[in-house]
Every structure is written in structure tokens, then in C-alpha cells.
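Residue numbers (the numbering used here): 6 to 586.
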């Protein structure tokens with residue numbers, strides 16, 4: 006256990022070292038391999054290389070060439086092969102690493118893991134922190150906070166990956182498949198694993214809240230099927246789809262206040278009977294996802310301290326030699342930590358630092374200016390505006406001076422915390438957006454390199470990467486948290502994916518239809534989406550039928566059925582993608 010925790014804690018260090026390796030690799034090989042490839046590539050008219058009937062808006066003709074030199078020239082000249090993010094991955098693979106394809110695959114896979122780490126770590130350490138503090142300042146009840154701010158924090162990676170795929174990558178199918186794939190994985194595979202793991206405990210879950218979540222989820226998916234069948238959506242239709250989640254929030258709030266009133270009426274009942282009834286009732290109506298972060302933090306911190314003590318004793322970190330080694334490790338962790346720390350304002354008591362705070366509010370406007378310029382350049386084709394950076398720099402200087410004058414070195418500001426929290430929230434959103442943009446761009450490039458539809462990669466790689474944290478945290482909570490932990494985990498397995506589906510796709514639909522207004526936004530024609538939605542709804546119906554018959558107790562039969570449904574779907578999609586069916 007101590008060894009596994011030690012490896013997990015060193016994962017960020019490994020990824021930072023990988024990032025440094027990639028940085029040096031690009032610096033060293035850009036001139037050497039890139040220039041050598043340029044010298045060997047014959048000067049040929051690019052139009053003569055493009056086969057007849059190719060689509061200039063895609064990179065589909067890439068595999069019509071067998072020589073890496075011609076592929077390199079093709080990806081440089083073809084408009085459809087241009088990067089969707091900031092890095093041209095196809096040019097790195099075919100031009101920089103053209104003679105060494107294994108090296109190219111290794112570099113891109115390492116960068117894929119780095120991006121997944123950045124996406125999850127930014128959401129956990131910066132995004133969720135701002136949301137929790139905002140929840141306290143706004144004095145939101147646990148029920149409302151659980152289905153709004155906390156759900157947004159847990160599903161930030163899925164939501165922003167969906168928005169990026171619709172707005173920036175030009176491949177909305179990746180966003181649809183990643184959200185639905187993640188929802189299917191969590192609601193079927195994760196629930197199945199939890200049910201099998203704790204089947205011997207025979208723990209029941211709360212029936213009213215479970216049925217409520219399942220029915221709302223089915224309503225959302227049915228509406229999505231109708232939208233995909235029509236093939237287009239208007240602005241008002243997108244707003245209506247997004248409003249389903251607000252109806253769910255109202256239903257959760259109503260049940261929460263109803264149960265609060267019921268608890269007050271039960272105060273006259275003897276304590277013994279109240280405790281017994283509470284054991285049976287659980288947290289009826291409250292989406293226990295709202296308590297997930299607290300319980301997870303308690304369990305993780307407790308286990309972390311115990312195992313950390315064991316690890317320290319085993320490795321004898323108190324020796325002087327390990328002191329300098331620790332400083333060296335801290336230095337290696339800076340490449341991925343420092344850029345975010347210097348641009349995201351943090352007013353947390355434990356992480357407060359006045360120098361970082363002043364620098365972050367100074368540099369944050371410049372990063373927002375870069376986002377605005379890149380958005381304008383890719384959507385409207387206009388060049389980078391120097392005036393935007395000058396205005397952002399002036400605003401940053403003013404904010405930096407205000408922060409220097411009004412803050413103390415010993416503690417974060419006690420008053421006027423709301424602007425700091427909004428700034429931290431906005432900058433964590435910006436970092437998440439940047440990372441999600443590169444992640445989607447990399448998956449699209451992987452699809453072009455491997456000859457696989459990017460939608461399939463979104464359904465598998467992107468969905469699994471974004472949902473891996475749900476698998477680990479919800480499983481650990483169900484195993485170690487007792488009856489309340491099981492209720493929290495199961496509630497999170499349905500409330501979280503529903504949030505990603507309604508809000509992630511809903512915001513994407515609103516954004517895309519707004520850009521096409523008054524015309525309608527065309528939904529990508531992908532017949533496999535019906536298959537995904539069919540299997541996903543089959544898993545929900547299986548849960549809705551089987552669990553009430555089992556007296557709401559999780560067992561192997563219920564979990565095994567969900568896993569069979571998921572793996573049957575996965576086999577069909579992968580077999581069709583590989584040409585086996």
C-alpha cells in the first residue's frame with residue numbers, strides 16, 4: 006500500500022520530467038531532423054500530390070502516400086491538416102520524426118499523458134478550489150452546491166473538451182462521443198465494478214433519489230436522440246435542452262427542502278427512533294455528490310498520512326542526503342506547476358503567497374489577451390493585435406499594484422475575496438480550455454495518423470482519460486466509506502454524467518447555434534451515435550428495473566449485467582472501427 010501511494014505521489018514528477026524531455030527533444034530535433042527532412046523532400050507542386058477527388062477541408066488523403074517525405078509535404082500544404090490547437094502534431098510526426106515513426110508515436114503518447122495530467126490536475130487544484138470557496142461565500146446549500154458548482158468541478162474536463170470540439174476543432178463528433186462515452190463508462194462500467202466489489206455487504210441505496218436521477222438522465226438522452234434524429238438545432242432548442250438540467254436542480258432543491266421540513270417534524274420523536282429511521286432513510290433527496298469532495302478528502306488524507314509515515318520510515322527521508330534530493334525533485338516539478346501558479350490567483354489559507362498573488366493578477370490579463378487573440382485569429386482569420394496585449398499589460402500592472410498594496414504577506418485577504426475567487430475561477434477555466442483544446446487537437450491528429458475516426462478515439466481514449474478519476478475515487482469511496490460512501494459513489498455515477506451531458510453538450514449547442522443564428526446548427530451525421538445512446542439507455546433501464554427488484558441492494562448480478570452491456574458495446578464499436586465487422 007505504501008509503495009503504491011509512493012508511486013502515485015511521484016506521478017506528477019514523472020510527467021514533469023517527461024515534459025522536460027519533450028521540450029529538449031523539440032529544441033534539439035527541430036533544426037537537425039527538420040532541416041534534414043526539408044533538404045531531402047523534393048520540390049514538387051503540392052497540387053500534383055493531392056489525389057483527385059480529395060477533400061481540401063480534411064486530411065483524408067494522407068494515407069494515399071507511402072513515403073514519409075511526401076506525407077510531410079502533404080501535411081504542410083493541405084489546409085485540412087492544419088493543427089486545431091497550438092502545436093502541429095502531424096508535422097512533428099511526419100517531418101520531424103519522419104524516419105523514426107516509433108519515436109514519433111512515443112513522443113505523442115507521452116504528450117497525451119502530460120495533457121491528461123494537466124487537465125485533471127488543473128481541475129482538482131485550481132478549478133475545484135475556487136468553486137468550493139465560491140460556494141461558501143454564496144452560502145449555497147449542499148444540495149444546490151452538489152448539483153451546480155461541485156458537478157461543474159468534477160466534470161470540468163468533459164465539459165471543456167466538448168466545448169472545444171464544437172467551437173475550435175471543427176470536429177463536433179469528438180465532443181459528442183467523448184461526453185456520451187464518458188457517461189456510459191461511468192454509469193455502466195464504474196457502477197458495475199462498485200456493485201461487484203461490495204456485493205457481499207448487501208448495502209441498499211436510497212430509492213427516491215436513485216429513481217429521480219435515472220428518470221432525468223433518460224429524459225436528457227431521449228431529448229438528445231430527438232435532436233440527433235432531426236440533424237439540426239436552433240438557439241432556442243439548445244437553450245431548452247440546457248434548461249433540463251435547471252429543472253433537475255429545482256427538483257433536487259425541492260426534495261431537499263421537503264426532507265428538511267420532514268426532519269424538523271421528527272424532532273419530537275425519541276432519539277432512538279430518529280436514529281433508526283435515519284439509518285433507513287439515508288440522505289433522501291440530497292444528491293450526495295455534494296459531499297463527495299469532503300468524504301474523499303478525509304479518506305485520502307487519512308490513508309495518505311498513514312502510508313506516508315510508512316514510506317518515510319522505509320526510505321529514511323530524514324537523512325541529510327535526501328534533503329538535497331528532495332530539493333532537486335521539487336525543481337523538476339516546476340515546469341508544469343510554475344506557469345499555472347504564476348497566472349491563477351489563489352487565496353487559500355494553506356497555499357497563500359503574496360509574491361505569487363501579485364504576479365498572478367499581473368500576468369492573468371496577458372493570458373486572457375492571448376486567448377482572445379487566438380480565438381479571433383482562428384475563427385475570423387484576423388492577425389494578432391498588439392493593442393490587445395498593451396491594454397492587457399496596462400490592466401495587469403494596475404491590478405498588480407492594487408494587490409501589492411492591499412494584501413498582507415502573512416495571510417490572504419479576509420475582505421473582498423469575491424474578486425479574487427472570480428479571478429481564480431476565470432483563469433482556471435482558461436487553463437482548462439487551453440489544455441482541452443490541445444487534447445482534442447492531439448486526438449484528431451492521432452486519428453489521422455492511425456487511420457481511425459477521431460470520434461472513436463473520443464469515445465474511448467478521451468472518455469476513459471476523463472473518467473479514470475471517477476473510477477478510482479468512486480470505487481475507493483464505496484469500499485471505504487460504508488453505507489454513506491456507497492450512496493455517495495452511486496449518486497455521483499449518475500449525477501455527474503448527467504451534468505456532463507446536459508451542461509457540456511448544452512453549452513456547446515448554445516455556443517454553436519448562437520454563431521449560426523438565425524440559422525440552425527447542423528449536428529454531425531454519425532449513425533454510431535444512435536448505437537451509443539441505445540446501449541447507454543439500456544444500461545440505465547437495466548438499473549431501473551433490476552435494483553428495485555433487489556430491494557435496492559447492489560450485487561454481482563446487477564453489476565455483471567452492466568459490465569456485459571458495456572463490453573458488448575465496446576466490442577462492436579472497436580470491431581467496426583478496425584474493419585472486422
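C-beta: ideal position from N, C-alpha, C; glycine also.
Assigned with DSSP and collapsed to three states, residue 558 falls in strand. Under the DSSP assignment, residue 121 falls in the alpha helix (DSSP H) whose first and last residues are 106 to 127. Here the alpha carbon of residue 199 sits roughly 7 angstroms from the alpha carbon of residue 564. DSSP, read as helix, strand or coil, puts residue 92 in coil. Shown here, residue 209 sits in a strand according to DSSP, grouped into three states. Going by DSSP, residue 75 is part of the alpha helix (DSSP H) stretching over 73 to 82. Under the 10 Å beta carbon count, residue 114 is surrounded by fewer than 16 other beta carbons and is classified as exposed. Taking C-beta atoms as the reference points, residue 364 and residue 339 fail to come closer than 8 angstroms.
Residue 500 and residue 218 have their C-alpha atoms roughly 7 angstroms apart.
In this model, residue 103 and residue 71 are separated by some 12 angstroms (Cα to Cα). In its chain, beyond the 5 residues on either side, 447 have a beta carbon closer than 7 angstroms to the beta carbon of residue 117. Here the alpha carbon of residue 366 sits roughly 9 angstroms from the alpha carbon of residue 407. Annotated three-state conformation of residue 396 is helix, per DSSP. Measuring C-alpha to C-alpha distances from residue 425 to each of 189, 231, 353 and 555 identifies 353 as the nearest. Annotated as proximal: residue 429 and residue 350, with beta-carbon spacing under 8 angstroms. In terms of CA proximity to residue 170, 88 leads the group 88, 431, 480 and 140. Counting the other CB atoms within 10 Å of its CB gives residue 124 a total of 16 or more, which places it among the buried residues.
Straight-line measurement puts the Cα of residue 189 at about 11 angstroms from the Cα of residue 465.
With a cutoff of 8 angstroms on beta-carbon distance, residue 95 and residue 443 are scored as not near each other. Each residue's CA atom was taken as its position, placing residue 415 and residue 269 some 43 angstroms apart. For the options 506, 526 and 556, the alpha carbon positioned closest to that of residue 228 is the one of 506. In the structure shown, residue 137 adopts helical secondary structure according to DSSP, grouped into three states. Membership of residue 498 in the alpha helix (DSSP H) is indicated by the continuous run 487 to 504. Annotated as proximal: residue 191 and residue 498, with beta-carbon spacing under 8 angstroms.
Beta-bridge pairing by DSSP links residue 527 to 237. In this structure, DSSP gives residue 350 a state outside helix and strand, which the three-state scheme calls coil. Residue 109 and residue 469 have their C-alpha atoms roughly 23 angstroms apart. Judged by DSSP in its simplified three-state form, residue 571 adopts helix. Under the 8 angstroms Cβ criterion, the segment 524 to 538 counts as touching the segment 233 to 240, having at least three qualifying pairs. Using a C-beta cut-off of 8 angstroms, the segment 179 to 187 makes contact with the segment 536 to 544, since at least three inter-stretch Cβ pairs fall below that distance.
When secondary structure is reduced to three states using DSSP, residue 87 falls in the coil class, being assigned neither helix nor strand. For residue 515, the enclosing alpha helix (DSSP H) starts and ends at 510 to 521. In this structure, the straight-line span from the alpha carbon of residue 559 to that of residue 488 is close to 11 angstroms.
The beta carbon of residue 177 is closer than 8 angstroms to those of 170, 171, 513, 517, 528 and 529 in its chain, skipping five residues each way along the sequence. Residue state for residue 70 is assigned as coil, using DSSP reduced to three classes.
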